[in-house]
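Okay, so here's the structure we're looking at.
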Amino acid sequence: MATPLPPPELHMYHSTLIVSAGFAAFLALAGCGNSDDKESLRPDLAFSAGVSATPIDPAVGQPITLGWTVVNRGQKDSKACTWRVLSNGVTLVEGTIAALQTDQTTVITATITDTPGYHTYTVLLDATNLINEDQPSVAYQDPVGVGEANNSAAISLVVAAASGG
Ligand SMILES: [Ca+2]
Ligand SMILES: [Ca+2]
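At position 43 of the sequence shown (counting the first as 1) the number is 93 in this note's numbering, and the numbers step up by one without a gap.
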């Protein structure tokens, strides 16, 4: 017995679906969460410099603006994802990193206040790990860190107690 071929009308329908713009739109909408895993080129969000703070010597109650620049140094565009600022493992503030093309950057600022004392603020990129940034490509050379390992940076500040009194 020979193996029966699929019905010709089904085969034709399948081929038409693959090349249709409708299917491409469906992939873009429904496949955005996992499509990275199937490709060798991936985004890689990273800090293009460290985290800055203004002022660098804040007093208690004074707003502190943290700033950093995110670059997509991978070989594929990234979708929008989440950044967070943590102190002692607690999220102080979070926001959205816009979708970035390869080599595109975006500047992000976050304003916090804190109690007196020495504090370390850690900024996490792609904090919910929405984007697969592991770089399987052999050709990918990274002098700083690879993929998921370069998604955090920190700054430490001393917040002064209220003066006088
Ligand atoms: Ca990264
Ligand atoms: Ca990630």
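We put the beta carbon where it would ideally sit given N, CA and C, even for glycine.
Residue burial classification, Pro-108 (beta-carbon count within 10 angstroms, cutoff 16): Here residue 108 refers to the residue found at position 58 when the sequence shown is read from its first residue. By the Cβ neighbour-count rule, Pro-108 is buried, with 16 or more other Cβ atoms within 10 Å of its own.
Ala-212 to Leu-142 span [Cα, whole Å]: Position 162 of the sequence shown, counting from 1, holds the residue named residue 212. Position 92 of the sequence shown, counting from 1, holds the residue named residue 142. Between Ala-212 and Leu-142, the C-alpha separation is close to 22 Å.
Beta-carbon spacing of Ser-98, Val-135 below 8 Å: Within the sequence shown, residue 98 is the residue found at index 48, counting from 1. Within the sequence shown, residue 135 is the residue found at index 85, counting from 1. In this structure, Val-135 does not lie closer than 8 Å to Ser-98 by Cβ.
Neighbourhood of Ala-160 by C-beta, 6 Å cutoff - its chain only, sequence neighbours within 5 removed: Taking the sequence shown and counting its residues from 1, the one referred to as residue 160 is at position 110. For Ala-160, where only same-chain residues beyond five positions count, the Cβ hits under 6 Å are Leu-116, Val-135, Val-143.
Straight-line Cα distance separating Pro-93 from Glu-198: Taking the first residue of the sequence shown as 1, we reach residue 198 at position 148. Taking the first residue of the sequence shown as 1, we reach residue 93 at position 43. Going from the Cα of Glu-198 to the Cα of Pro-93 covers about 10 Å.
Backbone CA spacing between Leu-91 and Val-209 [nearest angstrom]: In the sequence shown, counting from the first residue as 1, residue 91 sits at position 41. In the sequence shown, counting from the first residue as 1, residue 209 sits at position 159. Distance between the alpha carbons of Leu-91 and Val-209 is about 43 Å.
Spatial neighbours of Lys-88 in its chain, beta-carbon cut-off 7 Å, leaving aside the 5 residues before and after: By one-based count along the sequence shown, residue 88 stands at place 38. Note that Lys-88 has pLDDT 48, beneath the 50 cutoff, so the model's placement of it is unreliable and no number is given.
Length of the line joining the Cα atoms of Leu-207 and Asn-182: Taking the sequence shown and counting its residues from 1, the one referred to as residue 207 is at position 157. Taking the sequence shown and counting its residues from 1, the one referred to as residue 182 is at position 132. Cα to Cα, the separation comes out at about 32 Å.
Coarse secondary structure for Ala-103, derived from DSSP in three states: Sequence index remark: in the sequence shown, residue 103 carries index 53 (1-based). Three-state result, Ala-103: strand.
Separation of Thr-165 from Val-101, as counted between CA atoms: For the purposes of this step, residue 101 is identified with residue 51 of the sequence shown, where counting begins at 1. For the purposes of this step, residue 165 is identified with residue 115 of the sequence shown, where counting begins at 1. For Val-101 and Thr-165, the distance between alpha carbons rounds to 20 Å.
Gly-242 - DSSP class collapsed to helix/strand/coil: What the structure shows of the chain is the stretch from 51 to 215, and residue 242 is not part of that stretch, so it cannot be assessed.
Separation of Thr-178 from His-169, as counted between CA atoms: Looking up residue 169 in the sequence shown gives position 119. Looking up residue 178 in the sequence shown gives position 128. Their backbone Cα atoms lie some 23 Å apart in a straight line.
Assigned exposure category for Asn-201 - 16 Cβ within 10 Å defines buried: In the sequence shown, the residue the question calls residue 201 occupies position 151. Buried, since its Cβ has 16 or more Cβ neighbours within 10 Å.
Asn-200: CB within 7 Å of a non-hydrogen atom of ligand 1: Taking the sequence shown and counting its residues from 1, the one referred to as residue 200 is at position 150. Answer for Asn-200: yes, Cβ within range of ligand 1.
C-alpha distance - Val-157 paired with Cys-131, whole-angstrom precision: In the sequence shown, counting from the first residue as 1, residue 157 sits at position 107. In the sequence shown, counting from the first residue as 1, residue 131 sits at position 81. When rounded, the distance between both Cα atoms is 14 Å.
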